[in-house]
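*Asks:*
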Amino acid sequence: MKERLTIALPKGRLLDGALELLHALGVEGIDQDSRRLIFTDARRGLRLLFLKPVDIPAYVLYGAADLGIVGKDILLEQEPDVYEPLDLGFGFCRLVVAEPRELWERDDPAKWSWVRVATKYPRLAEQYFTDRGIQVEIVRLDGSIELAPLVGLAERIVDLVQSGETLRANGLVEVAEITRSTARLIVNRASMKTEHAAVSELIDELKTALRSAPVRHPAGARVQPVPRVQRS
Amino acid sequence: MKSRHPQLPKGARIYLPDEAERKRHVEAALLDVFRRWGYREIVTPTFEYSDVLATGTDEDVQGNMFTLVERETGRMLALRPDITPQIARVVATRLRDEPKPIRLAYVTNVFRYDEPRVSHYREFYQAGVELVGLDKPEAEVEVIAMTIEGLRALGLERFQIDLGHPDFFRGLLEEAKTDPAQGRELRATLARKDGSTLERLVADLAPPAHVRDALLALPTLFGRESVLERAAGFARNERSSKALANLAEAYRLLKIYGLAESVLLDLGEVRGFDYYSGTYFEAYVAGFGAAIAGGGRYDDMLGRFGYDCAAVGFAFDVGRALSVMETQGVAVTLPGPDFFIIDFTPDKTVALSLARRLRDLGASVARDIISRELEESVAYARAQRVRHVLVVGHARAGAGEVLAMDLTDESERVLAVGEILEHPECVFRGVRHA
Numbered sequence: 001m002k003e004r005l006t007i008a009l010p011k012g013r014l015l016d017g018a019l020e021l022l023h024a025l026g027v028e029g030i031d032q033d034s035r036r037l038i039f040t041d042a043r044r045g046l047r048l049l050f051l052k053p054v055d056i057p058a059y060v061l062y063g064a065a066d067l068g069i070v071g072k073d074i075l076l077e078q079e080p081d082v083y084e085p086l087d088l089g090f091g092f093c094r095l096v097v098a099e100p101r102e103l104w105e106r107d108d109p110a111k112w113s114w115v116r117v118a119t120k121y122p123r124l125a126e127q128y129f130t131d132r133g134i135q136v137e138i139v140r141l142d143g144s145i146e147l148a149p150l151v152g153l154a155e156r157i158v159d160l161v162q163s164g165e166t167l168r169a170n171g172l173v174e175v176a177e178i179t180r181s182t183a184r185l186i187v188n189r190a191s192m193k194t195e196h197a198a199v200s201e202l203i204d205e206l207k208t209a210l211r212s213a214p215v216r217h218p219a220g221a222r223v224q225p226v227p228r229v230q231r232s
Numbered sequence: 001m002k003s004r005h006p007q008l009p010k011g012a013r014i015y016l017p018d019e020a021e022r023k024r025h026v027e028a029a030l031l032d033v034f035r036r037w038g039y040r041e042i043v044t045p046t047f048e049y050s051d052v053l054a055t056g057t058d059e060d061v062q063g064n065m066f067t068l069v070e071r072e073t074g075r076m077l078a079l080r081p082d083i084t085p086q087i088a089r090v091v092a093t094r095l096r097d098e099p100k101p102i103r104l105a106y107v108t109n110v111f112r113y114d115e116p117r118v119s120h121y122r123e124f125y126q127a128g129v130e131l132v133g134l135d136k137p138e139a140e141v142e143v144i145a146m147t148i149e150g151l152r153a154l155g156l157e158r159f160q161i162d163l164g165h166p167d168f169f170r171g172l173l174e175e176a177k178t179d180p181a182q183g184r185e186l187r188a189t190l191a192r193k194d195g196s197t198l199e200r201l202v203a204d205l206a207p208p209a210h211v212r213d214a215l216l217a218l219p220t221l222f223g224r225e226s227v228l229e230r231a232a233g234f235a236r237n238e239r240s241s242k243a244l245a246n247l248a249e250a251y252r253l254l255k256i257y258g259l260a261e262s263v264l265l266d267l268g269e270v271r272g273f274d275y276y277s278g279t280y281f282e283a284y285v286a287g288f289g290a291a292i293a294g295g296g297r298y299d300d301m302l303g304r305f306g307y308d309c310a311a312v313g314f315a316f317d318v319g320r321a322l323s324v325m326e327t328q329g330v331a332v333t334l335p336g337p338d339f340f341i342i343d344f345t346p347d348k349t350v351a352l353s354l355a356r357r358l359r360d361l362g363a364s365v366a367r368d369i370i371s372r373e374l375e376e377s378v379a380y381a382r383a384q385r386v387r388h389v390l391v392v393g394h395a396r397a398g399a400g401e402v403l404a405m406d407l408t409d410e411s412e413r414v415l416a417v418g419e420i421l422e423h424p425e426c427v428f429r430g431v432r433h434a
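If you read the sequences in order, they're chains V and R. One point on numbering: in the numbering used here, the residue at position 114 of the first sequence is 114, and numbering is uninterrupted. One point on numbering: in the numbering used here, the residue at position 164 of the second sequence is 164, and numbering is uninterrupted.
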């Protein structure tokens, strides 16, 4: 049987929430411990791809997947031209500026005129600082961002925090919040039209499943958009 | 040092012969559709004064024009970012007294400083039409029907036309009394069908209850005919309800054309919007995340050039069409030359007279001018996708004879030169044009 729809799922911190949601829809037979990257759910005709979260927008934008589940942080960073019909509610986290405690004790963010930050989010970081008239040098890293200030690579970092435990463990303090993020459902623009019936049905089922699921992020944790420069 | 010769500016694109042939195939197929609907080709300049081009061009596109300076006057020139304003200007200034409707077609390159992605470059090619002087929905339906015929002519399947009307949303914005910044934010949010952000924006806006419900419903107001009924409940202002009536009429006509099942009504699609005064549409093909054709009604366009006149139009993005065809596995046959002549004699007169005779019949004929072994020449011919190889002056054929090899079925025969010259069409049945 030909799979009707392909869904890109994020490996890592959003995977449990995504699988739980799919489970509520009756999708079964996914072996998380397997190293396979593609699964097929014969009953619903879904094909599931397990991908690095940052790659998900590209798969959906180019139509290699019809739908995807990905954090709002990545959508804000990449601005892919896709539909984003559902806030899935789980995977709440915040994108913040952080710095070592010693620096924080004598630092005044109002006086920043030039900063160097290490981050996985070069675009959001640059936008945040330039919007405030602060010159910024971005050191783009792919992981272990917290290490950068400890070894003198950059004084500050821009990174996602969930509990704040990783920051604390590395002697870092949050200075400012840039944005908040939860998991989103994204849809390829052509799939929304050409697979209209199947996609709408899936979105409706997800909505129903979300309504009956407990709210998993703190009350009032509404996601604020970053004030953005008007694109010409 | 690495050679700098391979470098191209960002967004520039080369079409090598196979690619160029595919591109030409797409353009020819679309022009043929346009011709069959009675459209005639028009050619406009690649560059014009930038202020003239800017008239009738959306602001975001204006900001992305390639500009240069005219040497004599210092005036700013621009490469056309869009051909529709150019044609509108030509109609307003040169064709205004022509009887209506005017049907114009074009295939052209356009230039924009866009971020290249999804088969979209900074120089890209459009094939489209303008239909000037008709204000009835029949005009939109004609160009939608042509778009669908174009998609079929390209061999594409699983496509949908997304049909909307900007005034439905504009009427709601007026009722909600939004300022321009709020309007832009709402539009950007709707463009993503981002339900949660929409809820927040609408809550902040606190419009009358029926407008609130309408705005929140927009991302889901797409689908088949039932959308019109659902939307009717929200259309309490004149602008929105006129838009709906217009869409309903277009949809009724599409049903008569037998095209309704290729069309989705979508009141929540608000992209590329400033351009259009009435119904607008985009063509999507399964598996490709961007529209490959789009168009609609822009009755205000000619007015900007001093001539109030209704107009509709649409264009295919040729590069994207090519990309989608590749994704869907649409084969475009790329035949090589019909004949390849290898002449081992010193004076080559036989080769020249055969080539002349076959070319006169319309066949394509290439000659091997390099001296090499027969096997090497035949290998070259195969690589060029040649159909027939004619060998003159080789040990395998006598004097006054030609060894004819058919590379499509690997058959060989020996023919008299005179016979080929007298009756080439009998000897080589199935030769293109011959």
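Quick reminder that beta carbons are idealized off the backbone N, C-alpha and C, glycines included.
Check this for me: beta carbons of G133/R and K100/R, under 8 Å apart or not?
*Replies:* Yes. Within cutoff.
*Asks:* Answer with yes or no whether the minimum CB distance from L264/R to chain V is below 8 Å.
*Replies:* yes
*Asks:* Is P109/V close to chain R? Criterion is C-beta to C-beta, closer than 8 Å.
*Replies:* Chain R, which has no Cβ nearer than 8 Å to the Cβ of P109/V, makes this no.
*Asks:* When the Cα of V110/R is compared with those of G11/R, L163/R and A379/R, which residue comes out closest?
*Replies:* G11/R
*Asks:* On the DSSP letters alone, give me the boundaries of the alpha helix (DSSP H) that H196/V sits inside.
*Replies:* H196 to S212
*Asks:* Of all Cβ atoms in chain R, is any one closer than 8 Å to the Cβ of V175/V?
*Replies:* no
*Asks:* Rounded to whole angstroms, how far is the Cβ of P149/V from the Cβ of L185/V, which I believe are closer than 8 Å?
*Replies:* Taking a contact as a CB-CB distance under 8 Å, the pair P149/V and L185/V does not count as one, their CB atoms being some 35 Å apart.
*Asks:* What does a CB cutoff of less than 8 Å around I14/R pick up in its chain, not counting 5 residues either side in sequence?
*Replies:* L8
*Asks:* If we ignore side chains and look at the alpha-carbon of each, how far apart do A381/R and A404/R end up?
*Replies:* 13 Å
*Asks:* Which residue marks the beginning of the beta strand (DSSP E) containing R297/R, and which one marks its end?
*Replies:* A293 to R297
*Asks:* For D360/R, count the other beta carbons within 10 Å of its own beta carbon; 16 or more makes it buried, fewer makes it exposed. Which is it?
*Replies:* exposed
*Asks:* May I ask you to report which of helix, strand or coil DSSP gives V118/R?
*Replies:* coil
*Asks:* Let's see if you can read the secondary structure: which residues bound the alpha helix (DSSP H) around S411/R?
*Replies:* Not the alpha helix (DSSP H): S411/R falls in the beta strand (DSSP E), residues S411 to A416.
*Asks:* Grab me the residues of I370/R's own chain with a C-beta within less than 6 Å of its C-beta, minus the 5 sequence neighbours each way, in chain order.
*Replies:* none
*Asks:* Please classify Q160/R as buried or exposed, where buried requires at least 16 other C-beta atoms within 10 Å of its C-beta.
*Replies:* buried
*Asks:* Rounded to the nearest angstrom, what separates H120/R and E19/R at their Cα positions?
*Replies:* H120/R and E19/R have their C-alpha atoms spaced approximately 15 Å apart.
*Asks:* Does DSSP put H23/V in a helix, a strand or coil?
*Replies:* Reduced to three states, the DSSP call for H23/V is helix.
*Asks:* Taking 8 Å as the CB-CB limit, is L61/V close to chain R?
*Replies:* At least one chain R Cβ lies under 8 Å of L61/V.
*Asks:* Applying the criterion that 16 or more other CB atoms from any shown protein chain within 10 Å of the CB defines a buried residue, is Q230/V buried or exposed?
*Replies:* Unreliable positioning characterises Q230/V in this predicted model, as indicated by a pLDDT of 39, which lies under 50. A coordinate reading is not provided.
*Asks:* Does L37/V pass the burial test, meaning 16 or more other C-beta atoms within 10 Å, or should it be called exposed?
*Replies:* exposed
*Asks:* Nearest to L190/R by alpha carbon, out of L86/V, L202/V, A125/V and A198/V?
*Replies:* L86/V
*Asks:* Below 7 Å CB to CB, which residues in the same chain sit around V27/V once its five sequence neighbours on both sides are set aside?
*Replies:* D41, R44 and L46
*Asks:* If distances are taken between C-alpha atoms only, which option among D308/R, A355/R and E373/R comes closest to V365/R?
*Replies:* Closest option to V365/R, Cα to Cα, is A355/R.
*Asks:* Using a Cβ cut-off of 8 Å (strictly closer), state whether D41/V contacts chain R.
*Replies:* Under the Cβ criterion of 8 Å, D41/V is not counted among the residues facing chain R.
*Asks:* Count the other CB atoms within 10 Å of the CB of S277/R; is the residue buried (16 or more) or exposed (fewer)?
*Replies:* Classification of S277/R: buried, given that the 10 Å Cβ count is 16 or more.
*Asks:* Between the segment 142-176 of chain R and chain V, which residues of the former have CB atoms less than 8 Å from a CB of the latter, in chain order?
*Replies:* Within the segment 142-176 of chain R, those residues whose Cβ lies closer than 8 Å to any Cβ of chain V are, in chain order, R158, F159, Q160 and D162.
*Asks:* Within the segment 108-170 of chain R, note down every full alpha helix (DSSP H) run reaching 4 residues or more, in order along the chain.
*Replies:* Under the rule that a run must span 4 or more residues, the alpha helix (DSSP H) segments found entirely inside the segment 108-170 of chain R read 137-153.
*Asks:* Within a Cβ cutoff of 6 Å, which residues of the same chain sit near T147/R, ignoring the five residues on either side of it in sequence?
*Replies:* A283, A293 and F314
*Asks:* Residues of the segment 75-89 of chain V in Cβ contact with chain R at a cutoff of 8 Å, in chain order, please.
*Replies:* For the segment 75-89 of chain V, the set of positions with a beta-carbon nearer than 8 Å to some beta-carbon of chain R reads D81, V82, Y83, E84, P85, L86 and D87 in chain order.
*Asks:* Let me see if you follow: with CB-CB separation under 8 Å, is E195/V close to chain R or not?
*Replies:* For E195/V, the answer is yes, since a Cβ of chain R falls inside 8 Å of its Cβ.
*Asks:* Taking 8 Å as the CB-CB limit, is V196/R close to chain V?
*Replies:* Strictly speaking, residue 196/R in this sequence is Ser, with Val absent from that position. Closer than 8 Å to some Cβ of chain V, the Cβ of S196/R qualifies, so yes.
*Asks:* Tell me, to the nearest whole angstrom, how far the beta carbon of L254/R is from that of A260/R; I am working on the premise that it is less than 8 Å.
*Replies:* 5 Å
*Asks:* Taking only three categories from DSSP, how would you classify V386/R?
*Replies:* coil
*Asks:* Can you give the Cα-Cα distance for G5/R and L322/R, rounded to whole angstroms?
*Replies:* Sequence check: residue 5/R is His here, not Gly. If you take the alpha carbons of H5/R and L322/R, they lie about 27 Å apart.
*Asks:* Leaving out five residues before and five after W37/R in sequence, what residues of the same chain have Cβ atoms less than 6 Å from its Cβ?
*Replies:* M146
*Asks:* When we look at the beta-carbon of K193/V and count the other beta-carbons within 10 Å, is it buried (16 or more) or exposed?
*Replies:* When all chains shown are included, K193/V counts as buried.
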